[in-house]
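When the count follows numbering that gives the first Met the number 0, it moves up by one through the sequence shown with no breaks and lands on 651 for the last residue. For each residue, glycine too, the CB sits at the ideal point set by N, CA and C. Remember, it's a predicted structure, so these values are computed and weren't measured experimentally.
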Amino acid sequence: MVSINQLTVDFGGFRLFDDVSFLINPRDRIGLVGKNGAGKSTLLKIISGQMLPTSGIVALPKELTLGYLPQHLEYDDTQTVMQEAQTAFEDIIFLEKEIERLTNAMASRTDHESDSYMQLIHDLTDKSDRFNMLGGHSYHSLVEQTLKGLGFKRSDFERLTSEFSGGWRMRIELAKILLKQPDVFLLDEPTNHLDIESIQWLEDYLKSYAGALLLISHDRAFLDNITMRTVEISLGKIYDYKASYTRFVELRQERREQQLAAFRNQQKKIGDTEAFIERFRYQATKAVQVQSRIKQLDKIDRIEVDEFDNSALRIKFPPAPHSGVITVKGHHVSKFYGDLHVLDDVHFSIERGEKIAFVGKNGEGKSTMARIILNEIEYKGDIVLGHQVKVGYFAQNQADQLDERLTVFETVDKVAVGDVRTKIRDLLGAFLFSGEAADKKVAVLSGGERTRLALVLLLLEPVNFLILDEPTNHLDIRSKELLKKALADFEGTVLVVSHDRDFLDGLITKTFEFTNKKMKEHMGGIYSFLESKKLESLKELEMRPSKVSIRASAAPQNSQQSKGKVSFEERKELNKKIKKLSTEVEASEQLIEKLEANIAQMDMQLANPGPDDDLSKIYSQYEKVSKDLGKAMERWEALHLELGEWEGKFEG
0 MVSINQLTVD
10 FGGFRLFDDV
20 SFLINPRDRI
30 GLVGKNGAGK
40 STLLKIISGQ
50 MLPTSGIVAL
60 PKELTLGYLP
70 QHLEYDDTQT
80 VMQEAQTAFE
90 DIIFLEKEIE
100 RLTNAMASRT
110 DHESDSYMQL
120 IHDLTDKSDR
130 FNMLGGHSYH
140 SLVEQTLKGL
150 GFKRSDFERL
160 TSEFSGGWRM
170 RIELAKILLK
180 QPDVFLLDEP
190 TNHLDIESIQ
200 WLEDYLKSYA
210 GALLLISHDR
220 AFLDNITMRT
230 VEISLGKIYD
240 YKASYTRFVE
250 LRQERREQQL
260 AAFRNQQKKI
270 GDTEAFIERF
280 RYQATKAVQV
290 QSRIKQLDKI
300 DRIEVDEFDN
310 SALRIKFPPA
320 PHSGVITVKG
330 HHVSKFYGDL
340 HVLDDVHFSI
350 ERGEKIAFVG
360 KNGEGKSTMA
370 RIILNEIEYK
380 GDIVLGHQVK
390 VGYFAQNQAD
400 QLDERLTVFE
410 TVDKVAVGDV
420 RTKIRDLLGA
430 FLFSGEAADK
440 KVAVLSGGER
450 TRLALVLLLL
460 EPVNFLILDE
470 PTNHLDIRSK
480 ELLKKALADF
490 EGTVLVVSHD
500 RDFLDGLITK
510 TFEFTNKKMK
520 EHMGGIYSFL
530 ESKKLESLKE
540 LEMRPSKVSI
550 RASAAPQNSQ
560 QSKGKVSFEE
570 RKELNKKIKK
580 LSTEVEASEQ
590 LIEKLEANIA
600 QMDMQLANPG
610 PDDDLSKIYS
620 QYEKVSKDLG
630 KAMERWEALH
640 LELGEWEGKF
650 EG
């Protein structure tokens, strides 16, 4: 469906990709992973046509539609939330207006026998048929379901988009892409601005979606729940595995161990052969054997071990100064933003050494309470910090507020005081800003690099109470794991506002849920909380649009066409037709399974090619089978719809 062929990308003398090739097949669920700065977002931009590679091509059918959600957007919209989301149905809205115009034109006419009047009827019928075919009567409900699933309230629908934060506006953009139902989703960290409930709604939607998906995410649980294939970018190369993320990590390690074992065995064999040649090179009696060994060496296909990027953060928070037993207490805390009531008479207490999570839907007051504890905003009630409590704060938008005019080194040097100023280079090196990277301008840093730099600022002085508001946004999975370990080892108190289930799992021991203007305390880890709230399935949000559901019976479009009784002879004919279609549907499904099996086999060949494999021939065959699969899927859809219509007639 989408073929990435021999892609190379250079950035000012630095090679980001080197001769990268892979395929996106119909119904693929691919997780695109790699370290921050590896080029994941760049690859999505190239596939979506937003950027050109240095060399190589991205080939896709002309009729193929892409839905691209970038990591950052610039907004200039001036419509309401509902109006902006409805732009996903521009064709339907145009037809709706045309139908209204034609209907009004006919109402004012009296020349019912004229050619022009008959032309109006023809145009109205044509546009009405197309309107119905595109699902014109249901698009309003689809927009509403999608917006609600992504966390919007009905009262938000008529608000201007300009009233919302960047995170919420990103949700509107995601809603538009989901509603357009493209053939391929290209999603760059779609969960960064979603709360836990919205993430699970999106999981449910994407699991049932009939199109393909190429997804960048640093949420391990999200990747594991959705993807079935993992493509890693590492040191400019692609490693493709037919597995979800967690299984990919295991397979990658196994592959490397096998390569190393084979490499060591081969090196020993080569060493022994070279030693034999060197020992007997000048003995005439051994000349034949020596020549034979020399030829053996020339024929050996040297084993190469995949390069592995072992660079990683070295995070260790300074020892926490001693503090009182109580870290912070809140009494009768309330907060209003104008007429908006966010928190109402809240009481809570956090003790020294506790690891706490603030969770809940966006807009329920999590970040607001964090800022109240920091005394950054006005509120009603009392917040009391414990004896000798010193707070370190990582704001949700802290990485975006860095001065882009400064270099990485200047950013830290501007804030550091005392002895730490002599160790800035070492500290930056621990966060992968060694050598020339420390002199890069903030303006050119990726989202993950900016987050790392913001974390450096958090380590400049010892604290005993860490408040972290969405610290994992843009961090790669390995960096998140190391941050999680550093927080677990930290002896002070930790308060994390996060939607990342995998990051919170094993770190926190208590959860404060924000709902209905209150804070509700739950003991235990994040999955214990989710189980208690029955959030794993979110059945109340299962109303999701889907392009095609392979096991869902398609209801006939016109259920009113025959309400009378069906005669015995007609019923016999209907039954015969239904049996014939059922047989064709079954045969079509068997063909799809066979083609998918062929693709899976070729996936394995492409991921682990043998010495005699002709890759160009495999790619050619791969594309042919992929096209056959696409045609088979179209055939299956048509048969399934027809079967549904005949079954409807039979039941009528």
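Residues in its own chain within less than 8 Å of residue i by CB, not counting five upstream and five downstream?
| i | result |
| --- | --- |
| K126 | L94, E97, I98 and L101 |
| T272 | R292, Q295 and L296 |
| V411 | I423, L426, L427, L452, V455, L456 and L459 |
| E353 | T326, T492, V493, T508 and K509 |
| Q5 | D18, V19, S20, S54, G55 and I56 |
Counting along the chain, where does the beta strand (DSSP E) carrying residue i start and finish?
| i | result |
| --- | --- |
| N4 | V1 to F10 |
| I652 | Outside the displayed range of the chain (0 to 651) lies residue 652, so it cannot be described from this structure. |
| D412 | Note, D412: premise wrong, no beta strand (DSSP E); alpha helix (DSSP H) at V407 to D412. |
| V341 | L339 to E350 |
| R228 | R228 to S233 |
| H717 | For the chain, the structure presents residues 0 to 651; residue 717 sits outside this window and is missing. |
| I29 | R28 to V32 |
| H521 | K517 to M522 |
| F221 | Element bounds for F221: not the beta strand (DSSP E) but the alpha helix (DSSP H), R219 to I225. |
| R14 | F13 to I23 |
| L65 | L65 to L68 |
For residue i, which option in the options has the closest C-alpha, if you only look at C-alpha atoms?
| i | options | result |
| --- | --- | --- |
| G48 | D425, F262 and P69 | P69 |
| I81 | R158, A319 and S54 | First, the amino acid is wrong: residue 81 is Met here, not Ile. Per the Cα distances, R158. |
| E641 | D271, M105 and K578 | K578 |
| W167 | D182, L119 and E83 | E83 |
| I376 | S333, K413 and K389 | S333 |
| E512 | I355, R634 and I371 | I355 |
| T326 | V495, L486, T77 and R351 | R351 |
| A442 | D402, A415 and F130 | D402 |
| F335 | E363, G505, I314 and F464 | E363 |
| K389 | R404, Q395, N396 and L373 | L373 |
| D128 | I91, H386, R14 and I46 | I91 |
| Q387 | L6, N463, D155 and R278 | N463 |
| I237 | A319, F21 and P320 | F21 |
| D17 | G323, Y116, G235 and F489 | G235 |
| A485 | L506, Q600, K413 and R500 | L506 |
Check for me: the alpha helix (DSSP H) holding residue i runs from which residue to which?
| i | result |
| --- | --- |
| K268 | Y244 to F279 |
| F489 | Note, F489: premise wrong, no alpha helix (DSSP H); not H, not E. |
| S497 | Looking at the DSSP string, S497 is not in any alpha helix (DSSP H), and its letter there is neither H nor E. |
| F130 | D114 to M132 |
| Y138 | Y138 to G148 |
| F93 | E89 to A106 |
Less than 8 Å between the beta carbons of residue i and residue j, yes or no?
| i | j | result |
| --- | --- | --- |
| A209 | D27 | no |
| L452 | V407 | yes |
| L474 | H192 | no |
| T245 | R219 | yes |
| G30 | I232 | no |
| Y240 | R228 | yes |
| M0 | L63 | yes |
| A260 | L250 | no |
| I225 | D187 | no |
| L594 | L628 | yes |
| L205 | L178 | no |
| S54 | T86 | no |
| F417 | S322 | One point to set straight first is that residue 417 is Gly, not Phe, in the sequence displayed. Contact: no. |
I'd like to confirm something about residue i: is its beta-carbon nearer than 7 Å to some heavy atom of the ligand NAD, or not?
| i | result |
| --- | --- |
| S366 | Here there are no bound small molecules, and the ligand NAD is not part of this structure. |
Considering only residues of the same chain and omitting the five flanking positions on each side of residue i, which have a CB-CB separation below 7 Å?
| i | result |
| --- | --- |
| Q559 | Residue placement at Q559 is flagged as unreliable, the pLDDT there being 38, under the threshold of 50; the coordinate-derived value follows with that caveat. Once the five neighbours on either side are set aside, Q559 has no close Cβ partner at all. |
| H330 | H346, G380 and D381 |
| K479 | H217, T471 and F502 |
| Q395 | S366, D468 and E469 |
| N557 | At N557 the pLDDT is 39, less than 50, meaning the model places this residue with poor confidence; the figure from the coordinates comes in the next sentence. Closer than 7 Å at Cβ, skipping near neighbours: no residue. |
| R313 | A429 |
| M169 | L72 and H192 |
Near residue i, which residues of its chain fall below 6 Å by C-beta distance, leaving aside the five closest residues on each side in sequence?
| i | result |
| --- | --- |
| L361 | Contrary to the premise, residue 361 reads as Asn rather than Leu in this sequence. For N361, where only same-chain residues beyond five positions count, the Cβ hits under 6 Å are G150 and D194. |
| L540 | At L540, the pLDDT of 32 sits below 50, so the modelled position is not reliable; the number obtained from the coordinates is stated separately. Counting only Cβ-Cβ distances below 6 Å, and skipping sequence neighbours, we find G148 and W200. |
| N103 | none |
| A551 | Because A551 sits at a pLDDT of 33, beneath the cut-off of 50, its placement in the model cannot be relied upon, and the following sentence gives the value as read from the coordinates. Contacts found: none. |
| A58 | S2 |
| R14 | G235 |
| L123 | L101 |
How close, in whole Å, do the beta carbons of residue i and residue j come, if the pair is a contact with beta carbons under 8 Å?
| i | j | result |
| --- | --- | --- |
| N35 | G428 | That pair is no contact at about 16 Å. |
| P317 | L458 | 7 Å |
| K516 | H340 | 6 Å |
Does any residue of chain D bring its CB to less than 8 Å from the CB of residue i?
| i | result |
| --- | --- |
| Q265 | This model lacks chain D altogether; it includes just one protein chain. |
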